[in-house]
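Everything on this sheet refers to the single structure shown next.
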Amino acid sequence: MRKSIVTGAIALAALAAGAFAAYGESVSASESEQHPPKRHWHFEGPFGTYDRAAAQRGYQVYHEVCAACHSLSLLAYRNLMELGLSENQVKDLIKDIQVPDLNDDGQPIERPARLSDRFKKPFPNTAAAAAANNGKAPPDLSVIVKAREEGPDYIHALLTGYVPFDKLTPKQIKEFDVTKDDNFNKYFPGHKIGMPPPLADDKVTYVDGTKATTDQEASDVVEFLAWASEPHMEDRKRTGVRVILFLLAMAGLMYAVKRSVWSDKH
């Protein structure tokens, strides 16, 4: 009996030690990760709206930089008119885009994009996308802002959080096994990311003359991707405000009726 008690105590102690070690590893891992800094976004809050000028610039960043690897499959080109662009402006934006189609004989062809077309995918399929990107296909960006907690802040931090190899400390190089061929990002889990820094100062030349710093490009493309993830957000918020006002008015009316009906009972 005593032997079984001792054996059980030893097993319990070993289990506790293992759990403590695992906890210690998880704490160390969490301590190595940095949370993205909180930023103010125009679309946040119950009355937030999209900054259409920023979203238009963000589309330019997406088209000239991100579209080479990342698809945006849930949007059609005509949706860009919801950003305040006219039909002719959108047609001008897509005039050089060729999309795959079939001719009358069922043969594959390339034709100019129409407003009704979905955004062109950079690769014909997932396998081709993975083959062109070291075995891992780049994610679709249609709902990327809604896909994780702190979405807008995280994406902005990720785009601006790259650290050149010569700026890393010896401790960081050793701890995360970083080489000159790796891309180190302060906010990416594990810090080593396959995507090289996509943005840089003057990476694009904005049509409206805005100075294209890395931070500005990242902010604009996040604004655009936030709109792409939830293009009807403003309508939803307006509807919510109307419903709340209606319910408040109805509550006031019902209270007044109740007071009137029961006034002779008091």
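Here the sequence shown stands for residues -21 to -1, 1 to 245, numbered as in mature numbering (1 follows the signal peptide of the UniProt record, and there is no 0).
A virtual CB, placed ideally from N, CA and C, is assigned to each residue, including glycine.
Since this is a predicted model, take the numbers as computed values, not measurements.
If you follow the alpha helix (DSSP H) that residue i is part of, which residue opens it and which one closes it?
i: Asp132; result: Gly130 to Thr139
i: Gln68; result: Glu66 to Leu72
i: Glu23; result: First-last for Glu23: undefined, no H or E at that position.
i: Ser208; result: Thr193 to Ser208
i: Ala108; result: Thr105 to Ala110
Return yes when the C-beta of residue i is under 7 Å from any heavy atom of the ligand NAP, and no when it is not.
i: Arg90; result: With respect to small molecules bound, the structure shown includes none, and the ligand NAP cannot be examined in it.
Where does residue i fall in DSSP's three states?
i: Gln35; result: helix
i: Glu89; result: strand
i: Asp145; result: helix
i: Lys237; result: helix
i: Phe(-2); result: The predicted position of Phe(-2) is uncertain, since its pLDDT is 33 and thus under 50; a value taken from the coordinates is nonetheless stated next. Phe(-2): helix per DSSP, three-state reduction.
i: Arg97; result: strand
i: Ala230; result: helix
i: Ala179; result: coil
i: Ala55; result: strand
i: Phe102; result: coil
For chain C, check one thing: does any of its Cβ atoms lie closer than 8 Å to the Cβ of residue i?
i: Leu59; result: Chain labels in this structure do not include chain C; a single protein chain is all it has.
For residue i, which residues of its own chain have a beta-carbon under 7 Å away from its beta-carbon, when the five flanking residues on both sides are left out?
i: Ile73; result: Tyr56 and Ala92
i: Ala34; result: Leu62, Glu202, Phe203 and Trp206
i: Lys100; result: Ser50 and Ser52
i: Gln13; result: Lys165 and Tyr166
i: Asp181; result: Ala191
i: Ala179; result: Thr193
i: Ala197; result: His135, Leu138, Thr139 and Leu178
Over what stretch of residues does the beta strand (DSSP E) that includes residue i continue unbroken?
i: Leu81; result: Gln77 to Leu81
i: Phe167; result: Per DSSP, Phe167 belongs to no beta strand (DSSP E) and is neither H nor E.
Under 6 Å Cβ to Cβ from residue i, same chain only, skipping five residues before and after it: list those, please.
i: Lys70; result: none
- Task: Say whether the segment 212 to 219 touches the segment 18 to 36, bearing in mind that this needs 3 or more beta-carbon pairs closer than 8 Å, one atom from each stretch.
- Result: Judged by pairs of C-beta atoms under 8 Å, the segment 212 to 219 touches the segment 18 to 36, as three or more such pairs exist.
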